[in-house]
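Data first, discussion second: the structure below is written as C-alpha coordinates.
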Amino acid sequence: LLIKNEKISINEALNRISAKDVLSPENYPASNNTAFDGFAVSSNETGRSKHKKFKIIKTIAAGDNPNIIQIPKFSAIEVMTGAIIQKPFDTIIPVEKIEYFPNNLKPKYIILQKKIKKNQFIRPAGSDFKKGTRIIKKGQFINPSHLLAFKTLGIDNILVKKKPKVVFYATGNELSQKKKIPSWKIRNSNSIYLNSFVKNLPLNFKQNKILRDKDLNYLKKEIKKNIKLKTDLVITSGAVSAGKFDFIPKVIKQFN
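Heads up: the sequence shown runs through residues 21 to 276, numbered per the numbering used here.
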(Lines of atoms letter the chains of each structure in order from A and count residues from 1; the text may use other names and numbers.)
(Lines give C-alpha, C1' and ligand atoms only; values in the text may rest on other atoms or scores of the structure.)
Protein backbone atom coordinates (compact mmCIF):
# COMPACT_ATOMS: atom_id res chain seq x y z
CA LEU A 1 0.00 0.00 0.00
CA LEU A 2 1.70 3.19 -1.22
CA ILE A 3 0.72 6.23 0.83
CA LYS A 4 1.73 9.60 -0.60
CA ASN A 5 3.18 12.47 1.40
CA GLU A 6 1.84 15.93 2.18
CA LYS A 7 3.22 19.01 3.94
CA ILE A 8 1.12 20.30 6.84
CA SER A 9 1.36 22.84 9.65
CA ILE A 10 2.75 21.54 12.94
CA ASN A 11 -0.53 22.71 14.48
CA GLU A 12 -2.24 19.83 12.64
CA ALA A 13 0.57 17.28 13.03
CA LEU A 14 -0.26 15.52 16.32
CA ASN A 15 -0.48 11.71 15.84
CA ARG A 16 0.48 11.98 12.17
CA ILE A 17 3.37 9.93 10.75
CA SER A 18 6.56 11.74 9.80
CA ALA A 19 7.49 11.07 6.16
CA LYS A 20 11.18 11.85 6.65
CA ASP A 21 13.84 12.37 9.30
CA VAL A 22 13.64 15.89 10.71
CA LEU A 23 16.94 17.46 11.82
CA SER A 24 17.48 20.51 14.00
CA PRO A 25 18.15 23.51 11.71
CA GLU A 26 20.11 25.35 14.43
CA ASN A 27 21.69 25.15 17.86
CA TYR A 28 19.36 25.62 20.80
CA PRO A 29 19.89 27.53 22.93
CA ALA A 30 21.54 29.73 20.31
CA SER A 31 23.94 31.29 22.88
CA ASN A 32 25.39 30.51 26.28
CA ASN A 33 22.98 31.50 29.03
CA THR A 34 22.78 31.34 32.79
CA ALA A 35 21.05 28.51 34.64
CA PHE A 36 20.84 30.57 37.88
CA ASP A 37 20.12 34.06 39.12
CA GLY A 38 23.43 35.55 40.16
CA PHE A 39 26.47 37.42 38.84
CA ALA A 40 28.61 36.75 35.80
CA VAL A 41 32.35 37.38 35.88
CA SER A 42 35.43 36.41 33.89
CA SER A 43 36.97 33.36 35.58
CA ASN A 44 40.49 34.47 34.54
CA GLU A 45 40.16 37.58 36.71
CA THR A 46 39.21 35.70 39.90
CA GLY A 47 41.53 34.37 42.57
CA ARG A 48 43.86 37.40 42.61
CA SER A 49 44.56 38.71 46.11
CA LYS A 50 44.83 42.36 44.98
CA HIS A 51 41.56 42.32 43.07
CA LYS A 52 38.72 40.98 45.18
CA LYS A 53 36.19 43.66 44.28
CA PHE A 54 34.24 43.33 41.02
CA LYS A 55 32.19 46.33 39.97
CA ILE A 56 28.54 45.72 39.07
CA ILE A 57 28.13 47.41 35.68
CA LYS A 58 24.75 46.17 34.45
CA THR A 59 21.71 43.95 35.13
CA ILE A 60 20.59 41.59 32.36
CA ALA A 61 17.41 39.48 32.42
CA ALA A 62 16.22 36.74 30.05
CA GLY A 63 15.22 38.42 26.79
CA ASP A 64 17.41 41.50 27.31
CA ASN A 65 19.99 42.59 24.74
CA PRO A 66 23.28 41.32 26.24
CA ASN A 67 25.59 43.67 24.32
CA ILE A 68 27.74 45.98 26.46
CA ILE A 69 29.88 48.59 24.69
CA GLN A 70 32.65 48.93 27.28
CA ILE A 71 33.60 46.31 29.84
CA PRO A 72 36.37 47.39 32.24
CA LYS A 73 38.50 44.73 33.87
CA PHE A 74 37.18 43.21 37.11
CA SER A 75 33.55 43.84 36.18
CA ALA A 76 30.48 41.83 37.09
CA ILE A 77 26.99 41.79 35.58
CA GLU A 78 23.92 40.84 37.53
CA VAL A 79 22.07 38.14 35.56
CA MET A 80 18.68 36.47 35.83
CA THR A 81 18.02 32.85 34.81
CA GLY A 82 18.05 32.57 31.02
CA ALA A 83 20.08 35.74 30.41
CA ILE A 84 22.61 35.53 27.55
CA ILE A 85 26.27 35.31 28.65
CA GLN A 86 28.90 36.80 26.32
CA LYS A 87 32.68 37.15 26.51
CA PRO A 88 34.59 38.06 28.55
CA PHE A 89 32.08 36.72 31.10
CA ASP A 90 32.23 32.93 31.33
CA THR A 91 31.05 31.82 34.76
CA ILE A 92 28.23 32.46 37.23
CA ILE A 93 28.17 32.90 41.02
CA PRO A 94 24.65 32.14 42.35
CA VAL A 95 23.04 35.09 44.10
CA GLU A 96 22.83 33.11 47.36
CA LYS A 97 26.65 33.04 47.57
CA ILE A 98 27.30 36.71 46.84
CA GLU A 99 29.07 39.04 49.28
CA TYR A 100 28.21 42.67 48.52
CA PHE A 101 30.16 45.93 49.05
CA PRO A 102 29.59 48.39 50.61
CA ASN A 103 26.30 46.84 51.76
CA ASN A 104 23.42 44.62 50.66
CA LEU A 105 20.97 47.50 50.16
CA LYS A 106 23.02 49.60 47.73
CA PRO A 107 25.78 47.35 46.41
CA LYS A 108 28.31 48.71 43.96
CA TYR A 109 30.66 45.72 44.02
CA ILE A 110 30.69 42.02 44.77
CA ILE A 111 33.56 40.51 46.75
CA LEU A 112 35.26 37.32 45.51
CA GLN A 113 37.67 35.67 47.91
CA LYS A 114 38.74 32.73 45.74
CA LYS A 115 39.23 31.44 42.21
CA ILE A 116 35.96 30.68 40.38
CA LYS A 117 35.85 27.83 37.84
CA LYS A 118 35.02 28.53 34.20
CA ASN A 119 31.52 27.65 32.87
CA GLN A 120 29.99 27.32 36.34
CA PHE A 121 26.12 27.34 36.13
CA ILE A 122 26.16 28.13 32.42
CA ARG A 123 24.02 26.33 29.87
CA PRO A 124 26.15 26.17 26.70
CA ALA A 125 24.82 26.93 23.23
CA GLY A 126 23.36 23.78 21.64
CA SER A 127 22.94 21.96 24.97
CA ASP A 128 19.28 21.14 24.19
CA PHE A 129 19.62 20.67 20.41
CA LYS A 130 22.77 20.78 18.32
CA LYS A 131 22.40 21.72 14.66
CA GLY A 132 21.82 18.50 12.71
CA THR A 133 20.46 16.54 15.70
CA ARG A 134 17.62 14.24 14.64
CA ILE A 135 14.33 15.38 16.19
CA ILE A 136 12.15 12.61 14.72
CA LYS A 137 12.72 9.54 12.55
CA LYS A 138 10.91 8.79 9.31
CA GLY A 139 7.89 6.62 10.14
CA GLN A 140 7.48 7.83 13.74
CA PHE A 141 4.20 9.06 15.17
CA ILE A 142 4.41 12.76 16.00
CA ASN A 143 3.74 13.34 19.71
CA PRO A 144 3.52 16.51 21.87
CA SER A 145 7.27 16.39 22.65
CA HIS A 146 8.06 16.56 18.94
CA LEU A 147 5.72 19.53 18.53
CA LEU A 148 7.49 21.28 21.40
CA ALA A 149 10.84 20.76 19.67
CA PHE A 150 9.51 21.88 16.27
CA LYS A 151 8.12 25.12 17.70
CA THR A 152 11.27 25.79 19.72
CA LEU A 153 13.44 25.38 16.61
CA GLY A 154 11.24 27.45 14.29
CA ILE A 155 9.93 24.50 12.25
CA ASP A 156 6.44 25.52 11.11
CA ASN A 157 5.60 22.81 8.56
CA ILE A 158 6.44 19.11 8.34
CA LEU A 159 6.18 16.40 5.69
CA VAL A 160 3.84 13.61 6.80
CA LYS A 161 2.11 10.58 5.30
CA LYS A 162 -1.37 11.33 3.99
CA LYS A 163 -4.25 9.82 5.91
CA PRO A 164 -5.22 6.53 4.22
CA LYS A 165 -8.90 6.16 3.32
CA VAL A 166 -10.21 3.07 5.07
CA VAL A 167 -13.70 1.55 4.77
CA PHE A 168 -15.03 -1.20 7.05
CA TYR A 169 -17.81 -3.72 6.46
CA ALA A 170 -19.02 -6.12 9.13
CA THR A 171 -20.72 -9.23 7.71
CA GLY A 172 -23.24 -11.83 8.85
CA ASN A 173 -26.96 -12.38 9.36
CA GLU A 174 -26.27 -12.96 13.04
CA LEU A 175 -25.14 -9.37 13.70
CA SER A 176 -27.51 -6.92 15.34
CA GLN A 177 -27.34 -3.26 16.31
CA LYS A 178 -30.09 -3.72 18.91
CA LYS A 179 -29.60 -3.93 22.69
CA LYS A 180 -32.17 -6.69 23.26
CA ILE A 181 -31.47 -9.66 21.02
CA PRO A 182 -32.61 -13.31 20.79
CA SER A 183 -30.12 -16.08 21.58
CA TRP A 184 -29.40 -16.71 17.87
CA LYS A 185 -28.12 -13.18 17.32
CA ILE A 186 -24.95 -11.35 18.47
CA ARG A 187 -24.34 -7.65 18.98
CA ASN A 188 -22.14 -5.87 16.45
CA SER A 189 -19.15 -5.23 18.72
CA ASN A 190 -16.46 -5.20 16.01
CA SER A 191 -17.70 -1.86 14.73
CA ILE A 192 -17.39 -0.02 18.04
CA TYR A 193 -14.03 -1.67 18.65
CA LEU A 194 -12.58 -0.50 15.33
CA ASN A 195 -14.11 2.95 15.73
CA SER A 196 -12.35 3.42 19.07
CA PHE A 197 -9.14 1.72 17.91
CA VAL A 198 -8.61 4.18 15.04
CA LYS A 199 -9.62 7.26 17.03
CA ASN A 200 -6.03 8.46 17.49
CA LEU A 201 -4.63 7.00 14.28
CA PRO A 202 -4.01 9.10 11.15
CA LEU A 203 -6.81 7.52 9.11
CA ASN A 204 -9.92 8.66 7.33
CA PHE A 205 -12.11 5.84 8.62
CA LYS A 206 -15.66 5.06 7.53
CA GLN A 207 -18.05 2.27 8.55
CA ASN A 208 -20.65 1.07 6.10
CA LYS A 209 -23.80 -0.97 6.72
CA ILE A 210 -23.63 -4.60 7.84
CA LEU A 211 -23.38 -6.97 4.86
CA ARG A 212 -25.83 -9.86 5.12
CA ASP A 213 -25.09 -13.36 3.87
CA LYS A 214 -26.76 -12.77 0.50
CA ASP A 215 -25.17 -9.35 -0.15
CA LEU A 216 -22.57 -10.66 -2.61
CA ASN A 217 -23.63 -8.36 -5.45
CA TYR A 218 -23.89 -5.39 -3.13
CA LEU A 219 -20.28 -5.96 -1.98
CA LYS A 220 -19.16 -6.06 -5.62
CA LYS A 221 -20.77 -2.67 -6.21
CA GLU A 222 -19.19 -1.32 -3.03
CA ILE A 223 -15.71 -2.45 -4.02
CA LYS A 224 -16.11 -0.87 -7.47
CA LYS A 225 -17.25 2.34 -5.81
CA ASN A 226 -14.27 2.33 -3.43
CA ILE A 227 -11.85 1.78 -6.31
CA LYS A 228 -13.37 4.77 -8.07
CA LEU A 229 -13.11 6.85 -4.89
CA LYS A 230 -9.45 5.75 -4.50
CA THR A 231 -10.07 4.14 -1.13
CA ASP A 232 -6.77 2.75 0.14
CA LEU A 233 -8.04 -0.13 2.25
CA VAL A 234 -11.24 -2.14 2.57
CA ILE A 235 -11.63 -4.13 5.78
CA THR A 236 -14.23 -6.83 6.34
CA SER A 237 -14.93 -9.05 9.32
CA GLY A 238 -16.47 -12.51 8.94
CA ALA A 239 -17.63 -14.59 5.94
CA VAL A 240 -14.14 -15.82 5.01
CA SER A 241 -14.29 -19.60 5.65
CA ALA A 242 -15.47 -22.31 3.25
CA GLY A 243 -19.15 -22.27 4.19
CA LYS A 244 -22.08 -21.72 1.87
CA PHE A 245 -22.48 -18.07 2.92
CA ASP A 246 -18.79 -17.20 3.17
CA PHE A 247 -18.85 -14.92 0.15
CA ILE A 248 -15.98 -12.51 0.86
CA PRO A 249 -13.16 -14.56 -0.81
CA LYS A 250 -15.28 -15.13 -3.93
CA VAL A 251 -15.79 -11.40 -4.37
CA ILE A 252 -12.20 -10.41 -3.56
CA LYS A 253 -10.76 -12.84 -6.17
CA GLN A 254 -12.75 -11.08 -8.90
CA PHE A 255 -10.74 -7.92 -8.23
CA ASN A 256 -7.25 -9.52 -8.09
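Glycine included, C-beta positions come from ideal geometry on N, C-alpha and C.
How should residue i be labelled, buried or exposed, when 16 other C-beta atoms within 10 angstroms of its C-beta is the threshold for buried?
{"i": "HIS71", "result": "exposed"}
{"i": "ARG68", "result": "exposed"}
{"i": "ASP110", "result": "buried"}
{"i": "VAL180", "result": "buried"}
{"i": "ALA281", "result": "Since the first residue of the chain shown is 21 and the last is 276, residue 281 is not available in this structure."}
{"i": "GLU98", "result": "buried"}
{"i": "LEU173", "result": "buried"}
{"i": "LEU132", "result": "buried"}
{"i": "SER203", "result": "exposed"}
{"i": "SER261", "result": "exposed"}
{"i": "THR79", "result": "exposed"}
{"i": "LEU231", "result": "buried"}
{"i": "LEU195", "result": "buried"}
What is the rounded straight-line gap between the Cα of residue i and the Cα of residue j?
{"i": "LYS75", "j": "ILE155", "result": "43 Å"}
{"i": "ILE212", "j": "SER51", "result": "52 Å"}
{"i": "SER44", "j": "ILE175", "result": "9 Å"}
{"i": "ASP84", "j": "ILE30", "result": "29 Å"}
{"i": "LEU239", "j": "LEU34", "result": "35 Å"}
{"i": "ARG36", "j": "SER95", "result": "52 Å"}
{"i": "ASN246", "j": "LYS219", "result": "22 Å"}
{"i": "ILE142", "j": "ASP252", "result": "53 Å"}
{"i": "PRO108", "j": "LYS137", "result": "14 Å"}
{"i": "PRO114", "j": "PHE56", "result": "6 Å"}
{"i": "LYS234", "j": "GLY192", "result": "9 Å"}
{"i": "PHE161", "j": "ALA103", "result": "35 Å"}
{"i": "PHE275", "j": "ILE255", "result": "15 Å"}
{"i": "MET100", "j": "ILE118", "result": "14 Å"}
{"i": "LEU168", "j": "LYS158", "result": "18 Å"}
{"i": "GLU116", "j": "ASN124", "result": "12 Å"}
{"i": "ARG127", "j": "PHE121", "result": "Before going on, a small fix: residue 127 reads as Pro here, not Arg. Each residue's Cα considered, the two are about 5 Å apart."}
{"i": "LYS185", "j": "PRO222", "result": "10 Å"}
{"i": "GLY152", "j": "SER63", "result": "31 Å"}
{"i": "GLN90", "j": "GLN140", "result": "24 Å"}
{"i": "ASN224", "j": "LYS273", "result": "25 Å"}
{"i": "LYS171", "j": "ILE112", "result": "29 Å"}
{"i": "LYS250", "j": "ASN228", "result": "16 Å"}
{"i": "ASN210", "j": "SER257", "result": "8 Å"}
{"i": "ASN25", "j": "VAL61", "result": "52 Å"}
{"i": "GLY58", "j": "PHE217", "result": "52 Å"}
The ligand PLP heavy atoms versus the CB of residue i: any closer than 6 Å?
{"i": "LEU132", "result": "No copy of the ligand PLP occurs in the structure displayed, which carries no ligand at all."}
Excluding five sequence neighbours on each side, which residues of the same chain lie with their C-beta closer than 8 Å to the C-beta of residue i?
{"i": "ASN87", "result": "GLN106"}
{"i": "LYS134", "result": "THR66 and GLY67"}
{"i": "LYS150", "result": "SER44 and ASN47"}
{"i": "VAL271", "result": "LEU236, LEU239, LYS240 and ILE243"}
{"i": "ASP41", "result": "ARG154, ILE156, LYS157 and LYS158"}
Which residues in the same chain have their Cβ closer than 7 Å to the Cβ of residue i, if we skip the five residues on either side of it in sequence?
{"i": "HIS166", "result": "ILE155 and ILE156"}
{"i": "ILE268", "result": "THR191, THR256, ALA259 and VAL260"}
Determine the DSSP secondary structure at residue i, reduced to helix, strand or coil.
{"i": "ASN116", "result": "In the sequence on display, residue 116 carries Glu and not Asn. Of the three classes helix, strand and coil, the one that applies to GLU116 here is helix, per DSSP."}
{"i": "VAL271", "result": "helix"}
{"i": "SER216", "result": "helix"}
{"i": "ASN139", "result": "coil"}
{"i": "GLU98", "result": "strand"}
{"i": "SER261", "result": "coil"}
{"i": "SER38", "result": "strand"}
{"i": "ASN208", "result": "coil"}
{"i": "GLU32", "result": "helix"}
{"i": "LEU249", "result": "coil"}
{"i": "GLU194", "result": "coil"}
{"i": "LYS234", "result": "coil"}
{"i": "ILE255", "result": "strand"}
{"i": "LEU43", "result": "strand"}
{"i": "LYS244", "result": "helix"}
Hey, does residue i have any beta-carbon neighbour from chain D nearer than 7 Å?
{"i": "PHE141", "result": "Here there is only one protein chain, and chain D is not present."}
Got a sec? Which residues, its chain only, sit under 6 Å from residue i by beta carbon, not counting five neighbours each side?
{"i": "SER147", "result": "none"}
Item to check | Inside the stretch 145-187 only - alpha helix (DSSP H) runs reaching at least 4 residues | outcome: Every alpha helix (DSSP H) stretch that sits fully inside the stretch 145-187 and reaches 4 residues is listed by chain position as 164-172.
Item to check | Those runs of the beta strand (DSSP E) which lie wholly inside the stretch 59-94 and span at least 3 residues | outcome: If we require 3 residues or more, the beta strand (DSSP E) runs fully inside the stretch 59-94 come out as 73-80.
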